[in-house]
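As numbered in our numbering, the sequence shown has no gaps in its residue numbers, which increase by one up to the final residue, 448. Beta carbons are placed, not taken as given, at the ideal position from N, Cα and C, and that holds for glycine. Have a look at the structure below before the remarks.
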Amino acid sequence: MIRRIRNLIERQMQKAVLEGKLQGLKGEGKPLENRPEDAFVSAGDAAGFRMMAEAGALPEEILIKKEIAAQRNALKAAKSDAERAPILAKLTDLELRYNIATEARQKFMKN
(Lines of atoms letter the chains of each structure in order from A and count residues from 1; the text may use other names and numbers.)
(Lines give C-alpha, C1' and ligand atoms only; values in the text may rest on other atoms or scores of the structure.)
Protein backbone atom coordinates (compact mmCIF):
# COMPACT_ATOMS: atom_id res chain seq x y z
CA MET A 1 0.00 0.00 0.00
CA ILE A 2 2.74 2.46 0.97
CA ARG A 3 4.67 1.59 -2.18
CA ARG A 4 1.61 2.46 -4.31
CA ILE A 5 1.22 5.80 -2.59
CA ARG A 6 4.92 6.54 -2.97
CA ASN A 7 4.75 5.65 -6.69
CA LEU A 8 1.69 7.85 -7.15
CA ILE A 9 3.46 10.76 -5.47
CA GLU A 10 6.56 10.24 -7.63
CA ARG A 11 4.43 10.20 -10.80
CA GLN A 12 2.62 13.37 -9.76
CA MET A 13 5.92 15.10 -9.04
CA GLN A 14 7.39 14.03 -12.39
CA LYS A 15 4.26 15.26 -14.16
CA ALA A 16 4.53 18.62 -12.39
CA VAL A 17 8.22 18.88 -13.35
CA LEU A 18 7.45 18.14 -17.00
CA GLU A 19 4.65 20.73 -16.99
CA GLY A 20 6.99 23.30 -15.44
CA LYS A 21 4.87 23.73 -12.32
CA LEU A 22 7.86 23.33 -10.02
CA GLN A 23 10.01 26.02 -11.61
CA GLY A 24 10.62 29.41 -10.05
CA LEU A 25 9.74 28.27 -6.55
CA LYS A 26 11.38 29.88 -3.54
CA GLY A 27 14.60 28.04 -2.72
CA GLU A 28 14.73 26.18 -6.02
CA GLY A 29 18.03 24.40 -6.57
CA LYS A 30 19.09 24.83 -2.94
CA PRO A 31 19.26 22.07 -0.33
CA LEU A 32 16.53 21.95 2.26
CA GLU A 33 17.28 23.78 5.47
CA ASN A 34 18.54 21.66 8.33
CA ARG A 35 15.87 21.86 11.00
CA PRO A 36 16.86 19.49 13.80
CA GLU A 37 14.09 20.85 16.01
CA ASP A 38 11.55 19.41 13.56
CA ALA A 39 12.72 15.90 14.44
CA PHE A 40 10.47 16.03 17.51
CA VAL A 41 7.46 17.53 15.71
CA SER A 42 5.19 15.65 13.33
CA ALA A 43 5.68 16.44 9.64
CA GLY A 44 2.21 18.00 9.41
CA ASP A 45 2.78 20.24 12.40
CA ALA A 46 6.23 21.25 11.13
CA ALA A 47 4.78 22.21 7.74
CA GLY A 48 1.98 24.16 9.41
CA PHE A 49 4.39 25.98 11.71
CA ARG A 50 6.65 26.80 8.75
CA MET A 51 3.73 28.24 6.73
CA MET A 52 2.58 30.30 9.69
CA ALA A 53 6.11 31.60 10.26
CA GLU A 54 6.45 32.60 6.62
CA ALA A 55 3.15 34.48 6.92
CA GLY A 56 4.45 36.24 10.04
CA ALA A 57 2.21 34.40 12.50
CA LEU A 58 3.82 32.17 15.08
CA PRO A 59 1.90 29.73 17.29
CA GLU A 60 2.12 30.20 21.02
CA GLU A 61 4.25 27.05 21.34
CA ILE A 62 7.01 28.47 19.18
CA LEU A 63 7.02 31.80 21.00
CA ILE A 64 7.28 30.00 24.33
CA LYS A 65 10.05 27.77 22.95
CA LYS A 66 12.06 30.87 22.06
CA GLU A 67 11.56 32.24 25.59
CA ILE A 68 12.66 28.89 27.04
CA ALA A 69 15.86 29.00 24.97
CA ALA A 70 16.56 32.55 26.19
CA GLN A 71 16.01 31.53 29.82
CA ARG A 72 18.31 28.52 29.43
CA ASN A 73 21.02 30.83 28.07
CA ALA A 74 20.46 33.17 31.01
CA LEU A 75 20.71 30.20 33.38
CA LYS A 76 24.07 29.21 31.87
CA ALA A 77 25.33 32.77 32.33
CA ALA A 78 24.12 33.02 35.94
CA LYS A 79 26.99 33.00 38.42
CA SER A 80 25.29 32.45 41.77
CA ASP A 81 22.36 30.55 43.22
CA ALA A 82 20.67 33.87 43.95
CA GLU A 83 20.77 34.69 40.23
CA ARG A 84 19.66 31.19 39.21
CA ALA A 85 16.57 30.97 41.44
CA PRO A 86 14.34 33.48 39.59
CA ILE A 87 15.57 32.18 36.23
CA LEU A 88 14.70 28.61 37.21
CA ALA A 89 11.26 29.73 38.40
CA LYS A 90 10.61 31.49 35.10
CA LEU A 91 11.94 28.49 33.16
CA THR A 92 9.66 26.12 35.05
CA ASP A 93 6.66 28.37 34.35
CA LEU A 94 7.55 28.57 30.65
CA GLU A 95 7.95 24.79 30.37
CA LEU A 96 4.56 24.30 32.01
CA ARG A 97 2.96 26.81 29.62
CA TYR A 98 4.67 25.11 26.67
CA ASN A 99 3.34 21.69 27.70
CA ILE A 100 -0.17 23.09 28.17
CA ALA A 101 -0.09 24.77 24.75
CA THR A 102 1.21 21.59 23.10
CA GLU A 103 -1.45 19.45 24.75
CA ALA A 104 -4.19 21.91 23.81
CA ARG A 105 -3.09 21.89 20.16
CA GLN A 106 -2.94 18.10 20.09
CA LYS A 107 -6.43 17.82 21.57
CA PHE A 108 -7.73 20.38 19.08
CA MET A 109 -6.20 18.48 16.16
CA LYS A 110 -7.80 15.19 17.28
CA ASN A 111 -11.31 16.66 17.30
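- Selection Asn371, Ala438 and Leu425 evaluated against Glu397 yields Ala438 as nearest (Cα-Cα).
- Of the residues Gly366, Gly364 and Ser379, the one whose Cα lies closest to the Cα of Gln443 is Ser379.
- Between the alpha carbons of Gln408 and Leu400 lies a gap of roughly 13 Å.
- One thing to note: Leu345 has its Cβ no nearer than 8 Å to the Cβ of Ala353.
- Counting the other CB atoms within 10 Å of its CB gives Leu431 a total of 16 or more, which places it among the buried residues.
- Within its own chain, the residues whose Cβ lies closer than 8 Å to the Cβ of Leu425, once the five positions on either side in sequence are excluded, are Leu412, listed in chain order.
- Sixteen is the threshold: since fewer than 16 other Cβ atoms of the shown chains lie within 10 Å of the Cβ of Phe377, the residue is exposed.
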